[in-house]
Structures are given as structure tokens and as C-alpha cells.
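J.:
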Amino acid sequence: MEEIKHRQVLLLGLESAGKTTIVTRLSEQMPPGEAVPGVEPTNGFSVKSLHHEGYQIECWEVGGADHLHKHWWRYKRRTQQGLIYVVDGSDVGQIPKAMKVLEDFLQEHATPSWPILILANKKDLVSDTKEIEELLSTSTEQLKKFVPFGSIKVMSCSAAPAPSPADQGLYDALEWVERSIDYNMGL
Ligand SMILES: Nc1nc2c(ncn2[C@@H]2O[C@H](COP(=O)(O)OP(=O)(O)O)[C@@H](O)[C@H]2O)c(=O)[nH]1
Ligand SMILES: [Mg+2]
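Each residue of the sequence shown is one higher than the last, beginning at 767 in our numbering.
Printed below as a string of C-alpha cells:
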């Protein structure tokens with residue numbers, strides 16, 4: 767039997783971006799058409815395991831409320847192999863704040879080899895995701911210096927019910943994270 771590959775990632779983002787909903791859908795392997803039941807705001811942190819194609823990804827979500835940002839680094843243990851940063855892709859107005867908060871965090875606490883996935887969530891509420899992806903890609907240019915041995919990728923996803931997993935884009939996102947961590951490990 768093939769060995770399970772254990773990985774650990776940090777999951778950050780402003781409050782209400784959809785972090786808990788995303789990890790709940792993935793960790794409970796919910797059918798795409800099923801709605802994730804209402805989730806409570808994450809106060810402190812929550813760890814969930816995602817099982818996907820031979821990987822077990824331990825996902826550390828830290829609450830996104832403003833007063834919690836200064837504590838994010840505490841969860842950045844040496845074992846965190848990457849960062850998923852979720853933004854509300856349906857709310858262009860809060861993108862500058864979301865990216866500023868990310869920049870401030872990376873400036874102090876980035877791991878130089880991190881793969882960073884910027885995940886524009888709630889694409890079900892957006893008619894065309896290109897605009898938001900381009901905006902995010904432009905904002906990430908200045909973040910590359912914090913991860914000189916890593917990489918940054920922008921993708922869109924949705925944790926809302928959809929006809930198929932492909933429409934939600936969550937597994938594509940996980941695959942990018944898995945591949946990028948493997949690359950860092952020389953696999
Ligand atoms: N339409 C839509 N709503 C979403 C999506 N993801 C999360 N939400 C909603 O956004 C709100 C905040 O979600 P939550 O997971 O608690 O965000 P968190 O604070 O980042 O953990 C909840 O009401 C969710 O139902 C999505 O992809 N599409
Ligand atoms: Mg949460």
C-alpha cells in the first residue's frame with residue numbers, strides 16, 4: 767500500500783473570506799451539491815485534516831478578525847510547509863486591505879521557501895473571475911521578494927454548492943499546494 771504523505775499548511779485570510787467553509791467541505795468530503803451548514807466565526811484557531819489522493823493535509827486555520835492578525839505568526843511553526851491565503855473574491859473593495867494584511871504578515875514572518883496560494887473564494891457570486899485574478903496577480907508582484915525560494919499562485923474557488931467539484935475548483939487548489947510542497951521537498 768502506498769504511504770500517506772503528511773503535509774501541514776497554514777490557512778489565513780480576513781474574517782468571512784470563507785476559510786472554515788472551504789476546509790469543512792474538503793475535510794468532510796461533502797458532495798458538491800450539498801451546502802456546508804452554517805459555520806461559526808473562528809475564534810482562535812482550528813485544525814482539520816484533508817484527505818486527498820494519497821495526501822493527508824493538516825490545515826491550520828487561524829481566525830481572521832482584525833485583533834487576531836498580530837497573533838498569526840504563533841501558528842507559523844517550522845512544520846508549516848505552505849500558506850493558503852483566502853480572500854473574498856466577490857468583494858473587490860476589501861482586496862487592498864486583504865493584501866496589505868498579507869504583506870505585513872509576510873514582511874515579518876514569511877518562510878522563504880513557502881508556496882503561497884492566494885485563493886479568491888466565492889466565485890459563485892462573480893460573473894467573471896478574470897478581473898479579480900488580475901487584480902490579485904498584480905498585488906502579488908511585490909510579495910515575491912518575501913518567498914525567494916518559494917512561489918505565489920492566484921486561483922479562484924467556491925465553497926458554495928455547485929453541479930460538480932470542478933466548478934468549485936477546490937481540488938485544483940489542493941493539487942497546486944501538494945505539487946508545490948513536493949517540489950520543495952525534492953519529490
Ligand atoms: N456564496 C458563497 N458564500 C460563501 C462561500 N464560502 C463561504 N461563504 C459564506 O461566507 C461566510 C463566511 O464564511 P466562513 O467560512 O465562516 O469564513 P472565515 O471567517 O474565513 O472562516 C459564511 O456565511 C459562508 O456561508 C462561497 O464560496 N460562496
Ligand atoms: Mg473561520
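We treat Cβ as the ideally placed atom computed from N, Cα and C, and that holds for glycine.
Is the beta carbon of PRO914 within less than 7 Å of some heavy atom of ligand 1?
T.: No, since every heavy atom of ligand 1 falls outside the 7 Å radius drawn around the Cβ of PRO914.
J.: GLY848 bridges to which residues according to DSSP?
T.: According to DSSP, GLY848 bridges with VAL775.
J.: What do you get for GLY848, buried or exposed, if any count of 16 or more other CB atoms within 10 angstroms of its CB means buried?
T.: That one is buried.
J.: Suppose only complete runs of 4+ residues qualify. What are the alpha helix (DSSP H) ranges in the segment 822–881, listed by chain order?
T.: For the segment 822–881, whole alpha helix (DSSP H) runs of length 4 or above, ordered along the chain, are 861–875.
J.: Could you spell out where the alpha helix (DSSP H) holding ILE947 opens and where it closes?
T.: It spans 936–950 - the alpha helix (DSSP H) in which ILE947 sits, taken as one unbroken run.
J.: Where does LEU883 sit, in a helix, a strand or coil, going by DSSP?
T.: Strand.
J.: Mapping DSSP to helix, strand and coil, what is PHE912?
T.: Note: PHE912 maps to helix in three-state DSSP.
J.: Identify the continuous alpha helix (DSSP H) that holds SER903 and give its terminal residues.
T.: Here the alpha helix (DSSP H) through SER903 covers 896–906.
J.: Taking 7 Å as the cut-off, is the beta-carbon of LYS888 closer than that to any non-hydrogen atom of ligand 2?
T.: No, ligand 2 has no heavy atom inside 7 Å of this Cβ.
J.: Starting from LYS814, trace the beta strand (DSSP E) in both directions and tell me its first and last residue.
T.: Note, LYS814: beta strand (DSSP E), 811–818.
J.: Just to check, is the beta-carbon of GLY830 closer than 7 Å to a non-hydrogen atom of ligand 1?
T.: Yes, Cβ of GLY830 sits closer than 7 Å to a heavy atom of ligand 1.
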